[in-house]
Amino acid sequence: MSDAADLQSVPGPVFFDRRELDLILRVYGRMVAASEWRDYAMVGHRDVAEFAVFRRSGDAPLYRIEKRPALRLKQGQWAVIGEGGVVLRRGRDLAQVLRVFDSRKFTVVE
16 MSDAADLQSV PGPVFFDRRE LDLILRVYGR MVAASEWRDY AMVGHRDVAE
66 FAVFRRSGDA PLYRIEKRPA LRLKQGQWAV IGEGGVVLRR GRDLAQVLRV
116 FDSRKFTVVE
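Each residue of the sequence shown is one higher than the one before, counting from 16 in this note's numbering.
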């Protein structure tokens, strides 16, 4: 079977599996410990799963980590999107994409 046929045969919303959530929540925990992030939300839609992080509960998302399986053979199914919709990193491997948050490379500018 082709990959396109596999995507069409999978009913229901897209969501994260346990391994993916583990990687995302490790980064989230590290950033909460550094007092950078305070809240998160997860949403599973028909074509995308989204993990959004917030500086404060009432604010717009600071970052969104998206999983779009339809793009896995093209640009990669994972993306980290910053404020204003700017794609900070995109790729096929979640661990590589999440390296955008490494403390050595990443500082919050206010």
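Glycine included, each C-beta is placed from N, C-alpha and C at the ideal position.
Query	Result
Just mark V101 as buried or exposed, buried being the case when its beta carbon has 16 or more other beta carbons within 10 Å.	exposed
Just the Cα atoms here: how many angstroms apart are P28 and E65?	11 Å
With a 10 Å radius around its C-beta and 16 neighbouring C-beta atoms as the bar for buried, classify A94 as buried or exposed.	buried
Excluding five sequence neighbours on each side, which residues of the same chain lie with their C-beta closer than 6 Å to the C-beta of S72?	D54
By how many angstroms is the C-alpha of L113 removed from the C-alpha of P84?	17 Å
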